[in-house]
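**Q**
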Amino acid sequence: MKATIYHNPRCSKSRQALALLADKQIETEVHEYLKSPLNSSELTELIKLLGVNAHDLLRTKEAEYKEAGLSKDSSESEIIAALCNTPKLMERPIVVTEKGARIGRPTEAIEEIL
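Given below as structure tokens:
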């Protein structure tokens with residue numbers, strides 16, 4: 816099995832998810848999304864894989880959320896544009912395998928797709 820993790824090395828939950836994948840000896844591609852932000856088509860695909868609405872992908876407690884003028888009523892295109900411009904707004908970690916995708920909060924949620 817292979818996995819891709821959308822990772823922020825400064826985030827403890829993201830580090831825990833990466834450690835879980837290593838413990839299970841799963842070959843992992845690490846995508847540091849703050850260094851290499853996702854484009855709009857990648858974000859659209861990720862939202863589809865997760866089976867969530869775009870707003871669920873946002874870190875709503877970040878100051879940038881309010882600064883971007885986002886709310887529960889924001890459209891998917893507005894949210895994707897904000898995520899492209901401010902990748903810090905993306906919830907993390909996100910793990911994708913052949914069995915699906917999960918936001919790793921809590922970390923145990925990832926085990927459903929391993």
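Going by the working numbering, the first residue of the sequence shown is number 816, and it counts up by one from there. For every residue, glycine included, the Cβ atom is placed at its ideal position computed from N, Cα and C. Since the structure is predicted, the reported quantities are computational estimates derived from the model, not experimental observations.
What separation, rounded to the nearest whole angstrom, lies between the Cα atoms of GLY866 and LEU904?
**A** Taking the first residue of the sequence shown as position 1, residue 866 is located at position 51. Taking the first residue of the sequence shown as position 1, residue 904 is located at position 89. Straight-line Cα distance between these residues: approximately 18 Å.
**Q** Tell me, to the nearest whole angstrom, how far the beta carbon of CYS826 is from that of PRO921; I am working on the premise that it is less than 8 Å.
**A** Within the sequence shown, numbered from 1, the residue matching residue 826 stands at position 11. Within the sequence shown, numbered from 1, the residue matching residue 921 stands at position 106. The pair is not a contact, with the Cβ atoms about 13 Å apart (cut-off 8 Å).
**Q** DSSP three-state call for ILE909: helix, strand or coil?
**A** Stepping through the sequence shown from its first residue, residue 909 is reached at position 94. Correct three-state label for ILE909: strand.
**Q** Under 9 Å between the Cβ atoms of GLY919 and ALA832?
**A** By 1-based counting over the sequence shown, the position of residue 919 is 104. By 1-based counting over the sequence shown, the position of residue 832 is 17. Yes, the pair counts as a contact, with Cβ atoms nearer than the cut-off.
**Q** Thinking LEU873 and ILE894 are a contact (beta carbons under 8 Å), I'd like their distance in whole angstroms, please.
**A** Sequence index remark: in the sequence shown, residue 873 carries index 58 (1-based). Sequence index remark: in the sequence shown, residue 894 carries index 79 (1-based). Confirmed, Cβ separation roughly 6 Å.
**Q** If we call anything under 9 Å between Cβ atoms a contact, is GLY915 one with GLU927?
**A** As a working mapping, residue 915 is identified with position 100 in the sequence shown. As a working mapping, residue 927 is identified with position 112 in the sequence shown. Their beta carbons are under 9 Å apart, which means GLY915 touches GLU927 by this criterion.
**Q** Suppose contacts are defined by Cβ-Cβ distances below 9 Å. Is THR901 in contact with ALA883 by that definition?
**A** Along the sequence shown, read from residue 1 onward, the residue named residue 901 stands at position 86. Along the sequence shown, read from residue 1 onward, the residue named residue 883 stands at position 68. The answer is yes: Cβ separation under 9 Å.
**Q** To the nearest angstrom, how far is the alpha carbon of LEU861 from that of SER829?
**A** Position 46 of the sequence shown, counted from the first residue, corresponds to residue 861. Position 14 of the sequence shown, counted from the first residue, corresponds to residue 829. Their backbone Cα atoms lie some 17 Å apart in a straight line.
**Q** Considering only their Cβ atoms, is the gap separating THR843 from ALA818 smaller than 9 Å?
**A** Mapped onto the sequence shown, residue 818 falls at position 3. Mapped onto the sequence shown, residue 843 falls at position 28. Result yes, Cβ atoms of ALA818 and THR843 sit closer than 9 Å.
**Q** So is ASN854 buried or exposed if we call it buried at 16+ other beta carbons inside 10 Å?
**A** Locating residue 854 in the sequence shown gives position 39, counting from the first residue. Answer is exposed; the Cβ neighbour count stays below 16.
**Q** Could you tell me which uninterrupted alpha helix (DSSP H) segments, each at least 4 residues in length, are contained entirely in the region 816-858, listed from first to last along the chain?
**A** 827-838
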